[in-house]
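If you read the sequences in order, they're chains A and B.
Take the working numbering: the last position of the first sequence gets the number 444, and nothing is skipped along the way.
Take the working numbering: the last position of the second sequence gets the number 836, and nothing is skipped along the way.
Glycine residues also receive a C-beta, built at the ideal position from the N, C-alpha and C atoms.
First comes the structure, then the notes that go with it.
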Amino acid sequence: MTNTASNEHFDVIVVGAGPAGSAAALITARAGLKVLLIERGEYPGAKNVSGAVFYGGAILNELIPDWCEQAPLERYICRRDMALMSPTTAVSLDFRTAGANYVEAPYNGFSILRPKFDRWFAAQAEAAGAFLLTSTVVDDVIKDGDQVVGVKVRREQGEVRGNVVIACDGVNSWLARKAGRQRELHAHEISLGVKEVLGLDEALIRERFHLSGNEGMALEYVGAITEKVRGGAFLYTNKNSLSLGVIGQLSSLVESQKRPYELLEVFKAHPAVAPLVRGGTLREYSAHLIPEAGFSMMPRLFSDGMLVAGDAAAFCLAAGLYLEGINYAMQSGLAAGQTAIEAAGRQDYSRYFLARYMERLRERNVFTDFQSYRHTPAFVNGERFQNLYPEMVAHATEMLFRVDAAGKKKIVPLLGKTMRDLGVKRSHVLQDLYKVARAYLW
Amino acid sequence: MVMTTHEEKMSTVRYKVDDKPHIVVDGKKCEGCSVRACIYVCPANLFVPLDDGSILFNYEQCFECGACYFACNEEGAIQWSYPSGGYGVTFRES
Chain A
3 MTNTASNEHF DVIVVGAGPA GSAAALITAR AGLKVLLIER GEYPGAKNVS GAVFYGGAIL
63 NELIPDWCEQ APLERYICRR DMALMSPTTA VSLDFRTAGA NYVEAPYNGF SILRPKFDRW
123 FAAQAEAAGA FLLTSTVVDD VIKDGDQVVG VKVRREQGEV RGNVVIACDG VNSWLARKAG
183 RQRELHAHEI SLGVKEVLGL DEALIRERFH LSGNEGMALE YVGAITEKVR GGAFLYTNKN
243 SLSLGVIGQL SSLVESQKRP YELLEVFKAH PAVAPLVRGG TLREYSAHLI PEAGFSMMPR
303 LFSDGMLVAG DAAAFCLAAG LYLEGINYAM QSGLAAGQTA IEAAGRQDYS RYFLARYMER
363 LRERNVFTDF QSYRHTPAFV NGERFQNLYP EMVAHATEML FRVDAAGKKK IVPLLGKTMR
423 DLGVKRSHVL QDLYKVARAY LW
Chain B
743 MVMTTHEEKM STVRYKVDDK PHIVVDGKKC EGCSVRACIY VCPANLFVPL DDGSILFNYE
803 QCFECGACYF ACNEEGAIQW SYPSGGYGVT FRES
């Protein structure tokens, strides 16, 4: 296949065999189009890292009949923790459910390991007839005037031609930028995640996290856990390992002069976290960028002969309560694939026709969710939400539960004292209540 | 052991090292830089400040994440690209 690649002309060229790319390749191949799926890694997933919890059972359910038995899933999440941290204290909301939506197929969400999952998912695209070409870097698009007509590959042939190029090349989004569809991105729009997979006995995981069978737990943290760095931390249970990591806004890492991997040690040593990770053995360390600014950093999603999906389109929702990217990647890949199918039917690959990608995205709630939560990333990464309020909540709760000679305070005076102790301004709190409302409430 | 040094972390990662570097740092441009963002964002700790004020960069254990490129935007001292297909980091679990 590789020898004749330059002689072949494809209906669709998908760059990147992650969830977005493989979804686009799967749906277009099934529609009978000639699809090339190009991946720079040795295998799909070789260059991918996520937390990872994938909220996409429903998506897989529609796509692949026996996915439940076949897909490499770790644990289905029926228990979640959201914690605000000070250096000594964690105040968390613990959610646990036996609701059918969560504990029965197709499940609400489940933990996965990307190299394993991506490999399986790309294989589904291959089974549908897509040509998977691995170990191949795409360096640029080929243009005829404004029309994208193919890609330059770092292989002998040098180029491959196709009617539509779907750029699913991840957060760095080189193709969109080289094609002039995306501006240069800034260090405050992007976060670095550093991760460890710690091996831990399966029975011990169940015991420690109060789980039965394949139940799983997802814990997410914000506050002193990342010291002065804006971001957060996560801890997810896999079958016989834990995925844990720290995420820090790039500009904030530079300001704090703290190395990202040092934050991992701080995280694991926190009194609320240490008991959960005790005895774990490091299997793999990894790192990856996350396009956290969402809506404000989106490229031009459609143009002549080109569509952008997944992280390359900044379809990653980092909104505190929600850390979701894989589901949006898959949905946007499907939306791009659908658009390519329609374009092939009309033999029209102009931006005027490809514009219907936006409708497909809206139908799948991709564009709408990002629009709706466009204020949230900035709020979640704000100074006070990151450091001050978690400290305040931890401090207030400690006082609330403390029994000492000073006697009991009611909640409002107690909050007042907390605010004075920590130098929290009432005017700031009011401003922030407005921001919370705009970010989450309506 | 749960707590690990950076070297211990890096020893768990698999690489297929290409014979040419995929990222090139113009050390001269670094001499005037006081921010040194690259040092603080690289998860693989590949940027080493030298006594003469320049920065030494080693590509062999690069995660290809792009953090250095975005953090260093202003100076333009980093020529960034992916390694050849199949080369560089290969994750197995993450």
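Euclidean distance between Cα positions of residue i and residue j
i, j, result
"Glu-478/A", "Leu-202/A", "There is simply no residue 478/A to check, as chain A begins at 3 and stops at 444 in what is shown."
"Tyr-104/A", "Tyr-78/A", "7 Å"
"Tyr-354/A", "Ala-169/A", "18 Å"
"Gly-425/A", "Leu-336/A", "49 Å"
"Gly-101/A", "Tyr-109/A", "10 Å"
"Met-394/A", "Thr-420/A", "6 Å"
"His-2/A", "Arg-280/A", "A query on residue 2/A cannot be resolved here, the shown segment of chain A reaching from 3 to 444 and no further."
"Ser-836/B", "Ser-245/A", "8 Å"
"Asn-787/B", "Ile-781/B", "7 Å"
"Trp-176/A", "Pro-301/A", "11 Å"
"Gly-43/A", "Gly-827/B", "6 Å"
"Lys-260/A", "Leu-323/A", "25 Å"
"Ser-305/A", "Asp-148/A", "8 Å"
"Asn-5/A", "Phe-12/A", "Summary for Asn-5/A: the model assigns pLDDT 48, below 50, so the residue's position carries little reliability; its value from the coordinates is reported in the next sentence. Looking at the two C-alpha atoms, the distance is approximately 15 Å."
"Thr-283/A", "Ala-331/A", "31 Å"
"Arg-156/A", "Arg-163/A", "14 Å"
"Ser-137/A", "Glu-41/A", "6 Å"
"Lys-789/B", "Thr-746/B", "The sequence shown places Phe at residue 789/B, not Lys. One C-alpha to the other measures close to 20 Å."
"Leu-135/A", "Leu-62/A", "23 Å"
"Arg-756/B", "Val-93/A", "38 Å"
"Pro-89/A", "Ile-227/A", "7 Å"
"Lys-49/A", "Asp-761/B", "19 Å"
"Gly-347/A", "Ala-31/A", "14 Å"
"Gly-233/A", "Leu-252/A", "10 Å"
"Cys-784/B", "Arg-428/A", "38 Å"
"Glu-326/A", "Ala-320/A", "7 Å"
"Thr-99/A", "Leu-213/A", "11 Å"
C-beta contact flag for residue i and residue j at 8 Å
i, j, result
"Ile-114/A", "Glu-161/A", "no"
"Gly-307/A", "Val-199/A", "no"
"Ser-334/A", "Ala-315/A", "yes"
"Leu-38/A", "Val-16/A", "yes"
"Asn-329/A", "Gly-47/A", "no"
"Ile-144/A", "Gln-340/A", "no"
"Leu-363/A", "Ala-345/A", "no"
"Met-401/A", "Val-224/A", "no"
"Gly-808/B", "Asn-216/A", "no"
"Ile-192/A", "Phe-833/B", "no"
"Ala-27/A", "Ala-132/A", "yes"
"Ala-289/A", "Leu-194/A", "yes"
"Tyr-351/A", "Ala-338/A", "no"
"Phe-112/A", "Phe-56/A", "yes"
"Val-231/A", "Gly-250/A", "yes"
"Asp-146/A", "Lys-154/A", "no"
Residues bridged to residue i (per DSSP)
i, result
"Val-166/A", "Val-14/A"
"Phe-56/A", "Phe-112/A"
"Met-219/A", "Arg-81/A"
"Lys-758/B", "Gly-830/B"
"Gln-195/A", "In the sequence as displayed, the identity of residue 195/A is Gly instead of Gln. For Gly-195/A, which the question treats as bridged, DSSP gives the partners Ile-249/A and His-290/A."
"Ala-155/A", "For the sequence presented, residue 155/A should be read as Val rather than Ala. Paired residue(s): Val-140/A."
"Val-150/A", "Lys-145/A"
"Phe-211/A", "Phe-211/A is not bridged to any residue."
"Asp-434/A", "Its beta-bridge partners do not exist; DSSP assigns none."
"Asp-96/A", "Asp-83/A"
"Met-308/A", "Val-167/A and Ser-305/A"
Cβ of residue i within 8 Å of any chain C Cβ
i, result
"Pro-262/A", "In the displayed structure, chain C is absent; the protein chains listed are A and B."
Beta carbons nearer than 9 Å to chain B: which residues of the stretch 48-59 of chain A have them? Under the 9 Å Cβ criterion, the stretch 48-59 of chain A contributes Ala-48, Lys-49, Asn-50, Val-51, Ser-52 and Ala-54.
Scan the stretch 177-192 of chain A for residues whose Cβ lies nearer than 9 Å to a Cβ of chain B and list them as they occur along the chain. Listed by position along the chain: Glu-186, Leu-187, His-188, Ala-189, Glu-191 and Ile-192.
Inter-stretch contact at 8 Å, needing at least 3 Cβ pairs: the stretch 236-255 of chain A / the stretch 120-129 of chain A: Using a C-beta cut-off of 8 Å, the stretch 236-255 of chain A makes no contact with the stretch 120-129 of chain A, since fewer than three inter-stretch Cβ pairs fall below that distance.
Given 8 Å as the limit, is there contact between the stretch 374-391 of chain A and the stretch 284-302 of chain A, that is, 3 or more CB pairs closer than that? Cβ pair count under 8 Å is three or more, so yes.
Is the stretch 762-777 of chain B touching the stretch 423-441 of chain A, taking contact as three or more C-beta pairs under 8 Å? Touching, no, given that fewer than three Cβ pairs across the two stretches are closer than 8 Å.
With 9 Å as the limit, tell me which residues of the stretch 822-835 of chain B have their beta carbon closer than that to any beta carbon of chain A; keep them in chain order. Those residues of the stretch 822-835 of chain B that come within reach of chain A (Cβ to Cβ, closer than 9 Å) are Trp-822, Ser-823, Tyr-824, Pro-825, Ser-826, Gly-827, Gly-828, Tyr-829, Gly-830, Val-831, Thr-832, Phe-833, Arg-834 and Glu-835.
Pairs of beta-carbons, one from the stretch 757-770 of chain B and one from the stretch 817-826 of chain B, closer than 8 Å: are there three or more? Contact holds between the stretch 757-770 of chain B and the stretch 817-826 of chain B, because three or more Cβ pairs, one in each stretch, are under 8 Å apart.
With contact counted as at least three CB pairs below 8 Å, one residue from each stretch, are the stretch 751-758 of chain B and the stretch 793-803 of chain B in contact? As far as the Cβ criterion goes, the stretch 751-758 of chain B touches the stretch 793-803 of chain B, which means the pair count is three or higher.
By the 7 Å beta-carbon criterion, what residues does the stretch 291-308 of chain A contribute toward chain B? Per Cβ criterion, the list reads Leu-291.
Listed in chain order, which residues of the stretch 789-815 of chain B have Cβ atoms closer than 7 Å to some Cβ of chain A? Only Phe-805, Glu-806, Cys-807, Gly-808, Ala-809, Phe-812, Ala-813 and Asn-815 from the stretch 789-815 of chain B bring a Cβ to less than 7 Å from some Cβ of chain A.
Taking a cut of 9 Å between CB atoms, which residues from the stretch 765-778 of chain B lie near chain A? Cβ contacts with chain A come from Val-777 and Arg-778.
Cβ-based contacts, 7 Å cut-off: residues of the stretch 96-123 of chain A near chain B: Residues Leu-115, Arg-116 and Pro-117.
Which residues, taken in chain order from the stretch 748-764 of chain B, show a beta carbon closer than 8 Å to some beta carbon of chain A? Against chain A - using a Cβ distance shorter than 8 Å - the residues of the stretch 748-764 of chain B are His-748, Glu-750, Lys-751, Met-752, Thr-754, Val-755 and Lys-758.
Check distances from the C-beta atoms of the stretch 156-170 of chain A to those of chain B and list, in chain order, the residues that come in under 9 Å. Flagged, chain order: Arg-156 and Arg-157.
With 9 Å as the C-beta to C-beta threshold (strictly closer), list the residues of the stretch 327-355 of chain A near chain B in chain order. Near chain B, meaning a CB-to-CB distance below 9 Å, no residue of the stretch 327-355 of chain A qualifies.
Pull out every residue of the stretch 254-281 of chain A whose Cβ sits closer than 9 Å to any Cβ of chain B, in chain order. Here the close residues are Leu-255, Val-256, Glu-257, Ser-258, Gln-259, Lys-260, Arg-261, Pro-262, Tyr-263, Glu-264, Leu-266, Glu-267, Lys-270, Ala-271, Ala-276, Val-279, Arg-280 and Gly-281.
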